[in-house]
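In our numbering, the protein residues as written are 18 to 116.
Inspection log for the structure reproduced underneath, given as structure tokens.
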């Protein structure tokens with residue numbers, strides 16, 4: 018979890034790091050060339066950065082339906098961990114359909 022014994026444990030007990038290593042970078046860039054593009058607004062960009070650096074640990078990406086519905090209904094992730102705000106990627110239906 019942490020190399021510092023006095024550090025506060027991350028929410029859910031697992032610190033997520035989604036930042037590519039230098040070795041992964043080119044592989045991800047090559048793969049990205051064949052993927053659909055989604056333009057992010059400032060909020061989505063901020064949420065993506067928080068996911069990448071572990072600020073939204075234990076989330077490893079934007080919420081899927083089960084977590085979203087559980088957070089809206091119970092203020093908890095689907096696994097029961099307390100969570101009060103849905104972290105979603107909003108896109109227009111025409112953009113989302115082929116994804």
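Every residue gets a Cβ at the ideal spot worked out from N, C-alpha and C, and that includes glycine.
Computed from a predicted structure; not experimentally measured.
Do residue j and residue i have their beta-carbon atoms positioned less than 8 Å apart in this structure?
i: residue 85; j: residue 62; result: no
i: residue 99; j: residue 31; result: no
Among the options, whose alpha-carbon lies nearest the alpha-carbon of residue i?
i: residue 81; options: 69, 107 and 32; result: 107
i: residue 95; options: 29, 24 and 25; result: 29
i: residue 37; options: 70, 113 and 25; result: 70
Can you tell me the Cβ-Cβ gap for residue i and residue j, rounded? I've got them flagged as a contact below 8 Å.
i: residue 39; j: residue 116; result: With a Cβ gap of about 28 Å, residue 39 and residue 116 do not count as contacting.
Would you mind reading off the limits of the alpha helix (DSSP H) that contains residue i?
i: residue 91; result: 82 to 91
i: residue 45; result: 39 to 49
Using the Cα positions of residue i and residue j, report the straight-line distance between them to the nearest angstrom.
i: residue 97; j: residue 27; result: 16 Å
i: residue 93; j: residue 50; result: 36 Å
i: residue 77; j: residue 22; result: 24 Å
i: residue 47; j: residue 59; result: 25 Å
i: residue 42; j: residue 55; result: 19 Å
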